[in-house]
Each structure stands twice: as C-alpha cells, then as structure tokens.
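Heads up: the sequence shown is residues 624 to 727, going by this note's numbering.
Yeah, the Cβ is synthetic: ideal placement off N, Cα and C, and Gly gets one too.
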Amino acid sequence: EYIRNHYDVISIGRWWSKDEDTQKPTLCAIINVDGEQKTLIADCKFRGGKLDQGALKAFVARAEMIQDVPEKKLIMFSVSGFEDKLLKKAKAESITLVGPNEIL
C-alpha cells in the first residue's frame, strides 16, 4: 500500500536469490515506476526485533545483483523498526526506510 500511495506503479515483480550466509532462498520485490527512470527494489521484514546494519548490508548486496534495470531506488520495510546505526547508514546511502508507523 505504501508503494502505491507514493509512486505511480506500472508493475510489480519478484526476484529470488540465495542468502549468502544461510543459503536460504530470499526475495526482493521489483517495482517499475511510471514517469521516472527508476526501479524500486523493496525488502520487507517481519521480525520480532529492530533490524540492524547486517540486514541492510544483505539487502544492498542482493539489490546489486539485480541487473538490466533503470536506476535503482532501495526501500526497506520493517514492522519492528530499525536500529539507530541502520538509520544513519540508510540515510547516508539514500535508502528509504519504512517503519511500523507507515506500515500499520
């Protein structure tokens, strides 16, 4: 819902890979945005605690593997929020964070 309220969405798809540490399948959403030469890449987490820098690092690494798309814009969703270090790192890297207040 957040994406549709903030962007003019053309299509939404999925991109699967394996987590480098756990080797478990992991998913990123890929959203094409009309009127902009951007592709939104989103990661949604439903964990019990706030996300840390490790979660952000893993997301950025997965997003870098996605090729042949217009300019990438990263968005990370978390129903539990984000640790302070992650907030600072995401701001420095222009990554949008969407926490529980915007989701729920």
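| query | Count the other CB atoms within 10 Å of the CB of residue 691; is the residue buried (16 or more) or exposed (fewer)? | reply | So residue 691 ends up on the exposed side.
| said: Could you check whether residue 674 and residue 706 sit closer than 8 Å to each other, using their CB atoms as the reference points? | reply: Here residue 706 is near residue 674, since their CB atoms are less than 8 Å apart.
| query | Mind checking residue 635: buried by the 16 CB within 10 Å criterion, or exposed? | reply | With fewer than 16 other beta carbons inside 10 angstroms of its own, residue 635 counts as exposed.
| query | According to DSSP, is residue 689 helix, strand or coil? | reply | When DSSP states are grouped into helix, strand and coil, residue 689 belongs to the coil group.
| Cα-Cα separation, residue 708 to residue 632 | Their backbone Cα atoms lie some 31 Å apart in a straight line.
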